[in-house]
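The structure under discussion appears below in the form of C-alpha cells.
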Amino acid sequence: MVRKFYPEEFKADAVELYSSTPGATIKKIAADLGVHEGTLSAWLRAAGVTTVPTAAGRADGGGAGVPETPAEELERLRVENKRLRADKSLLETEREILRKAAKYFAGETTW
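When we follow our numbering, the leftmost residue of the sequence shown carries the number 1384, and every step to the right adds one.
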C-alpha cells in the first residue's frame, strides 16, 4: 500500500480543527478530512493535544472505557450542550432563509 504524504500545513490545520471544534471526535474529524483515524491521532499526539474521551471512553467515539466521574460527565454534558445550542442556532437561521426564499419564489410565480 502506498503511504500518503500530507503537508505540514495540512497536519497543523487538522490539529487546529480538532482543537477548536467543541465535541469533536477523532473519528468525525478524520472522516471529514479523508484521513485515517490513526493518522489524525498521531498528529494530535505529536502536537501535544490531549484528546477528550467521549461517553464510551475513547476519543474516537468507540469502545468501552473507564466510567466517567461526575465532574467528567458534567464537563462532557456542558460541551455537548454548547454544541447542540450552536447547531440549533444554525438550523434556525437556515430555516428562516428557506422560509424567505420560498415566500420570494412563490410571489414570482404567475401561473
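Note that beta-carbon positions come from the ideal geometry of N, C-alpha and C, so glycine has one too.
Could you give the DSSP three-state label for T1422: helix, strand or coil?
The count along the sequence shown starts at 1 and reaches residue 1422 at position 39. If DSSP states are grouped into helix, strand and coil, T1422 belongs with the helices.
Would you call the CB atoms of R1466 and G1406 closer than 8 Å?
Locating residue 1466 in the sequence shown gives position 83, counting from the first residue. Locating residue 1406 in the sequence shown gives position 23, counting from the first residue. Yes, the Cβ-Cβ distance between R1466 and G1406 is below 8 Å.
Tell me which residues share the same chain as F1488 and place their Cβ nearer than 8 Å to its Cβ, disregarding the 5 neighbours each side in the sequence.
Residue numbering aside, residue 1488 sits at position 105 when the sequence shown is read from its first letter. Nothing listed; no residue qualifies.
Counting C-beta neighbours from all protein chains within 10 Å, is the total for S1480 16 or more, i.e. buried, or is it exposed?
If you number the sequence shown from 1, residue 1480 lands on position 97. Reading off the sequence, residue 1480 comes out as Ile, not Ser. Of the residues assessed, I1480 falls on the exposed side of the cut-off, its CB having fewer than 16 other CB atoms within 10 angstroms.
Does the distance from the CB of A1413 to the CB of L1423 come in under 8 Å?
In the sequence shown, counting from the first residue as 1, residue 1413 sits at position 30. In the sequence shown, counting from the first residue as 1, residue 1423 sits at position 40. Yes, the Cβ-Cβ distance between A1413 and L1423 is below 8 Å.
When DSSP labels each residue in this structure, what does V1398 get in the three-state scheme?
Counted from its first residue, the sequence shown places residue 1398 at position 15. Helix, per DSSP.
Should T1434 and I1409 be called a contact, given that it needs their Cβ atoms to be closer than 8 Å?
On the sequence shown, residue 1434 is found 51 positions in, with the first residue counted as 1. On the sequence shown, residue 1409 is found 26 positions in, with the first residue counted as 1. Against a cut-off of 8 Å, the Cβ pair of I1409 and T1434 comes out as a contact.
Reduced DSSP secondary structure (H/G/I, E/B, other) of Y1389
Looking up residue 1389 in the sequence shown gives position 6. Coil, per DSSP.
With DSSP run on the structure shown, which of helix, strand or coil describes T1408?
To locate residue 1408, count along the sequence shown from 1; it is residue 25. DSSP places T1408 in coil when its eight states are reduced to three.
Hey, R1461 and E1451: beta-carbon distance below 8 Å or not?
Taking the first residue of the sequence shown as 1, we reach residue 1461 at position 78. Taking the first residue of the sequence shown as 1, we reach residue 1451 at position 68. No, Cβ-Cβ distance for R1461 and E1451 is not below 8 Å.
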